[in-house]
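A.B. asks: This note's numbering applies: residue 40 is where the sequence shown begins, and numbers increase by one. Beta carbons are placed, not taken as given, at the ideal position from N, Cα and C, and that holds for glycine. These numbers were taken from a predicted model, which means no experiment stands behind them.
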Amino acid sequence: MASSTIIVHGGAGEWPELKQATGLSGVRQAATRGFGLLQRGGSALRVVETAVMEMEDNPIFNAGRGSTLNLVGDVEADAGIMDGKTQRGAGVALLRRVKNPIRLARVVMEKTDHALLAGNSAEKLGEAFGLPEASLKTPERVRQWKQARRQLEKADPGDFSRNLKLIRTKGQSLLGDTVGALAIDQNGDLAAADSTGGVSLKLPGRIGDSPILGAGLYADNRIGAATATGVGEIAMRLVVSKSACDAMRALTAQEAASQTIKTVTKLAGKGLGIVTLDRKGRYGVAHNTPHLCWAAFTRSRDSSRKCISNLSERF
Ligand code: GLY
40 MASSTIIVHG GAGEWPELKQ ATGLSGVRQA ATRGFGLLQR GGSALRVVET
90 AVMEMEDNPI FNAGRGSTLN LVGDVEADAG IMDGKTQRGA GVALLRRVKN
140 PIRLARVVME KTDHALLAGN SAEKLGEAFG LPEASLKTPE RVRQWKQARR
190 QLEKADPGDF SRNLKLIRTK GQSLLGDTVG ALAIDQNGDL AAADSTGGVS
240 LKLPGRIGDS PILGAGLYAD NRIGAATATG VGEIAMRLVV SKSACDAMRA
290 LTAQEAASQT IKTVTKLAGK GLGIVTLDRK GRYGVAHNTP HLCWAAFTRS
340 RDSSRKCISN LSERF
């Protein structure tokens, strides 16, 4: 029998020491809330949505309120959700005012025939379903944006990839901290969800990996679930979440995560993290960024048939 497990992450990148305790406390809170739901028989889909909402509402993370800002200082948030039982999934992109982008992704998945909806029209759908609106911009993100813009102005002008180069050379703290969650419930159903403000200083209109099935997230009850964090362009080019799931046909979740990041480093360089969950409820974590903030809660039976719950968390 599969263990009920949830793993959540608060993003790959460079977490300044000052923010690390708050980041860990945020992922612990989201994992604990999700695990409570799992224990009460909640579906994996509801659990990952709830855990991601918890992190969207916590401004320490780059998702929902607290999203990083694009080149011109606006929020353009993305999110995605996928149900491993049906392999249905959907993403939303370029949102400015939907309080919980992950809720809108679920609406697109369940109430429309689409797998990706962006911008103002997506926000109108949220309005039609009564989803709450909020300003996603925080004073802290505006302060960080001003500082990052000053660094950008010193970089080579006329080069469109300069914001990504800046991330690589001046510090992965500019990456931001996409959030994600994977769960397996008491029925053995898997689900994945993620949400992000995207990379800081992205060009307006840029959509990252988070709303793209296969790149930012993937879930299939027959093999496993995965979600990526970091430079979205790498995750899209290498379709990393689907690749990690495919690897779980033969490997454990941890082996699949490690193999995926090894391939990413070889083919595309640094700037990515991934979390994985296999059908047995085992999770994996790997990254080639300085940090990845995560927490996992799992419940399984030991040899004396007692149930054990475990919380693990780490940078
Ligand atoms: N992984 C988040 C992004 O690139 O937008």
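1) Pick from Gly123, Asp248, Ser64: whose alpha carbon is nearest that of aspartate 228?
2) Inspect the beta-carbon positions of leucine 311 and glycine 269 and report whether they are closer than 8 Å.
3) Report yes if the C-beta distance between serine 106 and arginine 180 is below 8 Å; otherwise report no.
4) To the nearest angstrom, report how far apart alanine 283 and alanine 307 are at their CA atoms.
5) Is the Cβ-Cβ distance between serine 43 and arginine 318 less than 8 Å?
6) Classify glycine 103 as helix, strand or coil using the three-state DSSP reduction.
7) According to DSSP, which residues form a beta bridge with glutamate 172?
8) Please state whether the Cβ-Cβ distance between alanine 132 and aspartate 117 is less than 8 Å.
9) Histidine 153: buried (16+ other C-beta within 10 angstroms of its C-beta) or exposed?
10) From this set, Ala83, Ala60, Asn109, Gly52, which residue's C-alpha is nearest leucine 316's C-alpha?
11) Does the region 222-236 touch the region 137-149, meaning 3 or more C-beta pairs lie closer than 8 Å?
12) Check whether the Cβ of glycine 247 sits closer than 7 Å to any heavy atom of the ligand GLY, and report yes or no.
C.D. replies: So, from the listed chains and residues:
1) Gly123
2) yes
3) yes
4) 16 Å
5) no
6) coil
7) Val137
8) yes
9) exposed
10) Ala83
11) yes
12) yes
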